[in-house]
Each structure stands twice: as C-alpha cells, then as structure tokens.
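Chemist: Its first residue numbered 399, the first sequence is counted upward by one per residue in the numbering used here.
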Amino acid sequence: MLALADCNNFYASCERLFRPDLEGQAILVLSNNDGCVIARSNEAKALGIAMGTPFFKLAPALRRQVVVFSSNYALYGDLSRRVMQVLAGFAPRIEVDSIDECFLDLEGSADPTAECLGIVRILRQWTGIPVSIGIASTKTLAKLANRLAKQGRSPDGPVLDWSRLTDPESHLAATPVEDLWGISQRWGQRLRALGIAEALALREADPKWLRQHLGVVVERLVWELRGQSCLALEEMAPPRRQVRVSRSFGAAVTQWVELRAALTRFATRAGEKLRAQGLAAPALTVFIQTDPFDTSRPFYSNAHTSAFDQPTSDSAVLIHHATQGAKRLWRRGDAYRKAGVLLPDLVPARLGPGDFFADPAEAERGARRMAVLDDINRRFGRDSLRFGGEFVGTTWHRRARLTSSVSTTRWEALPVVRAR
DNA sequence: TCTGGGGTCCTAGGACCC
DNA sequence: TCTGGGGTCCTAGGACCC
Numbered sequence: 399m400l401a402l403a404d405c406n407n408f409y410a411s412c413e414r415l416f417r418p419d420l421e422g423q424a425i426l427v428l429s430n431n432d433g434c435v436i437a438r439s440n441e442a443k444a445l446g447i448a449m450g451t452p453f454f455k456l457a458p459a460l461r462r463q464v465v466v467f468s469s470n471y472a473l474y475g476d477l478s479r480r481v482m483q484v485l486a487g488f489a490p491r492i493e494v495d496s497i498d499e500c501f502l503d504l505e506g507s508a509d510p511t512a513e514c515l516g517i518v519r520i521l522r523q524w525t526g527i528p529v530s531i532g533i534a535s536t537k538t539l540a541k542l543a544n545r546l547a548k549q550g551r552s553p554d555g556p557v558l559d560w561s562r563l564t565d566p567e568s569h570l571a572a573t574p575v576e577d578l579w580g581i582s583q584r585w586g587q588r589l590r591a592l593g594i595a596e597a598l599a600l601r602e603a604d605p606k607w608l609r610q611h612l613g614v615v616v617e618r619l620v621w622e623l624r625g626q627s628c629l630a631l632e633e634m635a636p637p638r639r640q641v642r643v644s645r646s647f648g649a650a651v652t653q654w655v656e657l658r659a660a661l662t663r664f665a666t667r668a669g670e671k672l673r674a675q676g677l678a679a680p681a682l683t684v685f686i687q688t689d690p691f692d693t694s695r696p697f698y699s700n701a702h703t704s705a706f707d708q709p710t711s712d713s714a715v716l717i718h719h720a721t722q723g724a725k726r727l728w729r730r731g732d733a734y735r736k737a738g739v740l741l742p743d744l745v746p747a748r749l750g751p752g753d754f755f756a757d758p759a760e761a762e763r764g765a766r767r768m769a770v771l772d773d774i775n776r777r778f779g780r781d782s783l784r785f786g787g788e789f790v791g792t793t794w795h796r797r798a799r800l801t802s803s804v805s806t807t808r809w810e811a812l813p814v815v816r817a818r
C-alpha cells in the first residue's frame, strides 16, 4: 500500500499561514517578476482564475477580489522541509516527489485511513499546512485518489483509500484521461483519437496495442490503473543529471556589463547547487534571448556550449565560461529579456575524469576557495560573500513588488514583540 | 508596462563496432 | 542468382511533471 500526501494549494497555504486574517479569502501567488499565476487558494480557483494566467491579463474586477503575493521560495522551501520531516516520522520509507508532494510506504499498516487522517491532523497542528492523502496500491491510483479527495469526493474527508471505494469504476468513468498522472493535453488528444476518453476506457484497453501506438509510458499507466505497480517507490533520489539556472529580467537588458552581471549571478548559483550535491560539470551551456512577446522586433535566441578540460564545480570557472560564451552571442542593440546557464551530464565530483596535462594543485586551490566561500555563506548567511561581477546594474534584478515580509529563514525577519 | 523556472523520461535515427 | 547479424552510444526532439 502506498499513500500520496499532497499539500493543498501549497504556496497559497504558506502565505496564509502567517496571515490568518486571509482565511476564506482568495489568494494568488505569482511567478518570478510577478508574471504568471502559479498558485491559487480554493477561493481563487472558484473565481475561475486559471493556472498560468499572466497576471496583467486578469480583469481589474477580478484583481480586486484577490490578495496577491510575489513568490517567496525561501519560505516555501523551508516549510516544505518541515512537512517532509514530519511525514518521514510516519512511514518506514518515503519518496519526496516535489516541493509539496510525498509518497509514503504504508506497508503493514492495520488501518491506513485512520493512520492517514492522523497524519493530516498532526501536519496541520505542527506545520499549519493543510494536506490531502490518497491511498492505493500504485502511484497512479494514489495520485487519482488524492485528486478525488481534494475534490471533496471522499467519505473520509481529506483522505481517500481507493481500495475502500464501493464503486471505483464509476470514478474512473468520470475521470477524463487528461486528469491522470502523465497524461496531458497532447496525449489526451491522441488517446481520444483512439476512442479512449476516460480513465475507465484506458484501464480496459489492451496494453500491448497501446504500447505500439503510444509507447511504453501509456502501457505502464494501464497496468497501474489495474492495480499492478510499475512505478516503484524510490527512496534514494538518483543524483541530479543536470542543473539549470535561468531568469527573466525585471526589465530589458541592453548593456553588456549588466548581462554579464546576471550571468555571473546565475553561474554562481549553479556552482552552489553542484557543490551542495557533490557533483561536477564537464561543460556549460549559456543562452540569452530577447523578448519573445515583442512583435515589433525580431526574436533572437542563441546558445553556446563550452566543454571543460575536466569536470568542475568551481564557480570562478563556471563564471568565466558563461561570460566568455555569452560574449560570442551578444549583439549590440538587442534588448535581452532572459538568460541562463545549463550544466549537463553531471558526474560525481570525485569520480570525474582528470586532465593529464592540468596542474593538480591548481584544481585543489580552486576547490579550497569554494569550500571557504560556502563555509562563510553558511555561517553568515547566503550571499554574504559574492563575486564582484554581479554588482553591476539592477535592471536584470527580478521584479517582486508583492513579497510578504514573512521569513522563517532569516533572523532579522523575526517579528518583534514589545511589552509595555 | 506586463507573459516563470527547473527538472525527467522515451524514442527514433544515425554512426559506429566486430 | 546470390550482399549478415547483433550490438552500443549519442543526439535531437517531443512529451511529461510540479
């Protein structure tokens, strides 16, 4: 038996946690640069606001009915960590699936529903985050059960055990294929073209025939719907295969030094991610693009990849290659809206191939510099020590006018209480 | 004025090996 | 007249997830 615990409207719930006055209020959380809607409270969903809507396209009348937040990932990440920590105490094995979702192994549980209801209650009490849980024998069914629970279609409130449904077929018949995990609009269309529109029809279809037409992913889905597990619980996350840091700019960047500053920042962040996971990159791709929505000028997007003599996680090396690569892509007169760095084909730092001709002492010095840098930033706060190149300009900085002042990760953000 | 960020997996085809 | 068989590796593109 598996359970999928999924936080309800996670980012919106995180913001509401520190604003209890917003209980019952429609809440939106926006993407970087306050661009798109990426989280909605139930009340906001009821207003018909779709996921991914560009905020500026929202009708003013609607905007007046919602409380809006810029995204605050430091807060969401920290609360996610707390939720997962609590969940880990309730199951012998868990798989963290995303920032707000987690699979739990319920093996040996005498009464899964009662147990999960207890988890929901305790999570609410200890972290303040509302959660729904779906229980089933496969990941796909657990996802579906979770979805039904969120829709209020479980007799047990926030928890739904698929195996206790008296008529699971009726639920499958009422589930469009696009609502299944792994089936999005595109695949949905192709399934419909084959005469399969609901989950029930998919479950009854011939797996081999589907494999021929749509591939192994859809075949697995059929078996999963039938209760035959094809997607195992993966307790140990496999090492990352790539790292990517990219941002849209707060405003168009037209100065080379500002683009360089942004890339310095991105490469630094990428290096931090590598070192945090003990990985090294054998190459770096840098890309820059103009505004794809600006129809008055031609869109320009280009990328450059440089391979290193040996894999590295040294921010200084990454910065060098990112800026050198971008210099070849840069065209004077363009207004850049977005850029990023991509590190592919990651290898464990200690196992990467070496360079026969390189001076081993030089790589060692670099590694020690990074260790000192990371240590200082750990002790005195993130970004206490930075590379000079990023202190140029501000147009590339993100726009975030609506960030809540709440933080659970910075001492100086603690609320001050005065007694008189 | 204004449109996110960061991942994974699968498949087909080409190039190469013996 | 007649032209093998069985692999691996890499890449690009397409699709999905939250």
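Ideal Cβ positions, reconstructed from N, Cα and C, are used throughout, including at glycine.
Does L477 pass the burial test, meaning 16 or more other C-beta atoms within 10 Å, or should it be called exposed?
Modeler: Looking up residue 477 in the first sequence gives position 79. L477 is buried by the Cβ-count criterion.
Chemist: Using alpha carbons as the reference points, say which of G791, D689, E670, A678 lies closest to D773.
Modeler: Here residue 773 refers to the residue found at position 375 of the first sequence. Checking every option, the nearest Cα to that of D773 belongs to E670.
Chemist: Could you spell out where the alpha helix (DSSP H) holding Y474 opens and where it closes?
Modeler: The residue you call residue 474 lines up with position 76 of the first sequence. Y474 -> alpha helix (DSSP H) spans 471 to 486.
Chemist: For V616, which of G586, P637, P709 has the nearest alpha-carbon?
Modeler: The sequence position of residue 616 within the first sequence is 218, counting from 1. Taking only the C-alpha atoms, the option nearest V616 is G586.
Chemist: Mapping the DSSP letters down to three states, classify Q423 as helix, strand or coil.
Modeler: Counting from 1 along the first sequence, the entry for residue 423 is found at position 25. Q423 falls in the coil class under three-state DSSP.
Chemist: Counting along the chain, where does the beta strand (DSSP E) carrying Q687 start and finish?
Modeler: Counting from one through the first sequence, the residue named residue 687 turns up at place 289. Q687 -> beta strand (DSSP E) spans 677 to 688.
Chemist: Considering just the uninterrupted stretch of the beta strand (DSSP E) at Y734, what are its terminal residues?
Modeler: The count along the first sequence starts at 1 and reaches residue 734 at position 336. Its beta strand (DSSP E) spans residues 734 to 741.
Chemist: Please list the terminal residues of the continuous alpha helix (DSSP H) segment that includes P758.
Modeler: Taking the first sequence and counting its residues from 1, the one referred to as residue 758 is at position 360. Here the alpha helix (DSSP H) through P758 covers 758 to 778.
Chemist: Excluding five sequence neighbours on each side, which residues of the same chain lie with their C-beta closer than 7 Å to the C-beta of S552?
Modeler: Stepping through the first sequence from its first residue, residue 552 is reached at position 154. Correct list, in chain order: L546, L558.
Chemist: What does the alpha-carbon distance come out to for the pair N407 and G752?
Modeler: Translated into positions along the first sequence, residue 407 becomes position 9. Translated into positions along the first sequence, residue 752 becomes position 354. If you take the alpha carbons of N407 and G752, they lie about 47 Å apart.
Chemist: Closer than 8 Å is the cut-off here; do at least three beta carbon pairs connect the segment 677 to 690 with the segment 706 to 724?
Modeler: Yes, since at least three Cβ pairs between the segment 677 to 690 and the segment 706 to 724 fall closer than 8 Å, the two stretches touch.
Chemist: Which residues mark the beginning and the end of the beta strand (DSSP E) in which T703 is found?
Modeler: Locating residue 703 in the first sequence gives position 305, where the first residue counts as 1. Where T703 is concerned, the enclosing beta strand (DSSP E) stretches over 699 to 710.
Chemist: My understanding is that F664 touches V643, with C-beta atoms under 8 Å, so please give their C-beta distance in whole angstroms.
Modeler: As a working note, residue 664 is residue 266 in the first sequence. As a working note, residue 643 is residue 245 in the first sequence. Correct: roughly 4 Å between the Cβ atoms.
Chemist: So for C628, helix, strand or coil by DSSP?
Modeler: Position 230 of the first sequence, counting from 1, holds the residue named residue 628. Residue state for C628 is assigned as coil, using DSSP reduced to three classes.
Chemist: Counting along the chain, where does the beta strand (DSSP E) carrying S496 start and finish?
Modeler: Residue 496 sits at position 98 when you count from the first residue of the first sequence. Element bounds for S496: 492 to 496.
Chemist: Can you give the beta carbon distance from D503 to P490, rounded, assuming they're within the 8 Å contact cut?
Modeler: The count along the first sequence starts at 1 and reaches residue 503 at position 105. The count along the first sequence starts at 1 and reaches residue 490 at position 92. Right, their Cβ atoms sit about 6 Å apart.
Chemist: Taking the straight line between their C-alpha atoms, what separation do you get for F467 and N440?
Modeler: Counting from 1 along the first sequence, the entry for residue 467 is found at position 69. Counting from 1 along the first sequence, the entry for residue 440 is found at position 42. For F467 and N440, the distance between alpha carbons rounds to 15 Å.
Chemist: Counting only the same chain and skipping the five closest in sequence on each side, list residues whose C-beta sits under 8 Å from that of R767.
Modeler: Against the first sequence, residue 767 aligns to sequence position 369. Closer than 8 Å at Cβ, skipping near neighbours: D712, A714.
Chemist: Which one of D404, N431, C412, S411 has the shortest CA to CA distance from A650?
Modeler: Taking the first sequence and counting its residues from 1, the one referred to as residue 650 is at position 252. If we check each option's Cα against that of A650, N431 comes out closest.
Chemist: With a cut-off of 8 Å on the beta carbons, I'd call L400 and A534 a contact; round off their distance for me.
Modeler: Against the first sequence, residue 400 aligns to sequence position 2. Against the first sequence, residue 534 aligns to sequence position 136. Correct: roughly 6 Å between the Cβ atoms.
Chemist: Helix, strand or coil for G648 per DSSP?
Modeler: Within the first sequence, numbered from 1, the residue matching residue 648 stands at position 250. It is a strand residue.
Chemist: In three-state terms, what does DSSP make of V557?
Modeler: Numbered from 1 along the first sequence, position 159 holds the residue referred to as residue 557. DSSP places V557 in strand when its eight states are reduced to three.
Chemist: Would you kindly report the start and end of the unbroken beta strand (DSSP E) that includes E499?
Modeler: Counting from one through the first sequence, the residue named residue 499 turns up at place 101. 499 to 503 is the extent of the beta strand (DSSP E) around E499.
Chemist: Three-state secondary structure (DSSP) at A534?
Modeler: To locate residue 534, count along the first sequence from 1; it is residue 136. Reduced to three states, the DSSP call for A534 is strand.
Chemist: Looking only at C-alpha atoms, which of L741, D732, A733 sits nearest to I717?
Modeler: As a first step, residue 717 is located in the first sequence; it is residue number 319 there, counting from the start. Ranking the options by Cα distance to I717, first place goes to L741.
Chemist: Could you check if W607 is buried or exposed, using at least 16 other CB atoms within 10 Å of its CB as the buried criterion?
Modeler: If you number the first sequence from 1, residue 607 lands on position 209. By the neighbour-count rule (16 or more Cβ atoms within 10 Å), W607 is not buried but exposed.
Chemist: Alpha carbon to alpha carbon, how far is R695 from F685? Give it in angstroms, no decimals.
Modeler: Locating residue 685 in the first sequence gives position 287, counting from the first residue. Locating residue 695 in the first sequence gives position 297, counting from the first residue. Each residue's Cα considered, the two are about 19 Å apart.
Chemist: Apart from the five residues on each side of it in sequence, which residues of its chain come closer than 6 Å, Cβ to Cβ, to G764?
Modeler: Start at 1 with the first residue of the first sequence, and residue 764 comes out as number 366. For G764, where only same-chain residues beyond five positions count, the Cβ hits under 6 Å are D712.
Chemist: For the beta strand (DSSP E) containing S468, name the first residue and the last one.
Modeler: What you label residue 468 is simply residue 70 of the first sequence in a count that begins at 1. It spans 464 to 468 - the beta strand (DSSP E) in which S468 sits, taken as one unbroken run.
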